[in-house]
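Asks:
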């Protein structure tokens, strides 16, 4: 038996205008994931977690910026997800309130489904952070 998933949909998609945030703005992201493995994702023991962030900037001082990622729920839902079924999971991101430099900052945020101690199914989104008056 194996764990596996397929990304069916992401709202908003990478590169969409909605992924360009001004400092302090919030963004809700939704990923629809299909269980294309052979194991059932058990609602009681599987979780949806923030995994990691990566900042891309010309200024080293921006390396510690964060979107303060917050999963809108930490479980995969009220029912098991059987092979072939899908689930939509979400997170709320908040752009940093400030950053150094005169160029936008990009932050890639990645989440994961975890079950039986195995981290798998790791969708991500890249957002661009700008200040008022900046051109994306």
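In the working numbering, the protein residues as written are 169 to 304.
Just so it is clear, CB atoms sit at the ideal spot from N, CA and C, and this is done for glycine as well.
Can you tell which of 234, 203, 249, 205 has its C-alpha closest to the C-alpha of residue 260?
Replies: Mapped onto the chain shown, residue 260 falls at position 92. Selected option, being the one with the closest Cα: 234.
Asks: Only counting runs of 3 or more residues, tell me where the beta strand (DSSP E) segments fall wholly within the stretch 215-289, in order along the chain.
Replies: Taking only runs of at least 3 residues, the beta strand (DSSP E) segments lying wholly in the stretch 215-289 are 215-224, 254-262, 273-283, 286-288.
Asks: Under 8 Å, with one C-beta from each stretch per pair, do the stretch 184-191 and the stretch 207-215 reach the 3-pair mark?
Replies: Verdict: no, contact absent.
Asks: Name the one or two DSSP bridge partners that residue 188 has.
Replies: Numbered from its first residue, the chain shown carries residue 188 at position 20. DSSP output for residue 188 lists 296 as bridge partner(s).
Asks: According to DSSP, is residue 203 part of a helix, a strand, or is it coil?
Replies: Translated into the one-based positions of the chain shown, residue 203 becomes position 35. In this structure, residue 203 counts as strand in the three-state DSSP scheme.
Asks: Check this for me: beta carbons of residue 200 and residue 240, under 9 Å apart or not?
Replies: Within the chain shown, numbered from 1, the residue matching residue 200 stands at position 32. Within the chain shown, numbered from 1, the residue matching residue 240 stands at position 72. Taking 9 Å as the Cβ cut-off, residue 200 and residue 240 do not qualify as a contacting pair.
Asks: Out of 272, 299, 282, which one is the CA nearest neighbour of residue 203?
Replies: Within the chain shown, the letter at position 35 stands for residue 203. Comparing Cα positions, the closest option is 282.
Asks: My understanding is that residue 219 touches residue 280, with C-beta atoms under 8 Å, so please give their C-beta distance in whole angstroms.
Replies: The count along the chain shown starts at 1 and reaches residue 219 at position 51. The count along the chain shown starts at 1 and reaches residue 280 at position 112. At roughly 4 Å, the Cβ-Cβ gap stays under 8 Å, so residue 219 and residue 280 are in contact.
Asks: Looking only at its own chain, which residues have a Cβ that is under 7 Å from the Cβ of residue 182, when we skip the five neighbours before and after it?
Replies: For the purposes of this step, residue 182 is identified with residue 14 of the chain shown, where counting begins at 1. Result list for residue 182: 293, 294, in chain order.
Asks: So, with DSSP's three-state summary, where would you put residue 193?
Replies: As a first step, residue 193 must be located in the chain shown, where it is residue number 25. Coil, per DSSP.
Asks: So residue 297 and residue 264 are supposed to be a Cβ contact under 8 Å. How far apart are they, rounded?
Replies: Stepping through the chain shown from its first residue, residue 297 is reached at position 129. Stepping through the chain shown from its first residue, residue 264 is reached at position 96. That belief holds up - the Cβ atoms of residue 297 and residue 264 are roughly 6 Å apart, short of 8 Å.
Asks: Are three or more beta carbon pairs between the stretch 264-273 and the stretch 249-256 nearer than 8 Å?
Replies: Verdict: no, contact absent.
Asks: What does the alpha-carbon distance come out to for the pair residue 230 and residue 254?
Replies: Counting from one through the chain shown, the residue named residue 230 turns up at place 62. Counting from one through the chain shown, the residue named residue 254 turns up at place 86. So the alpha carbons of these two residues sit roughly 37 Å apart.
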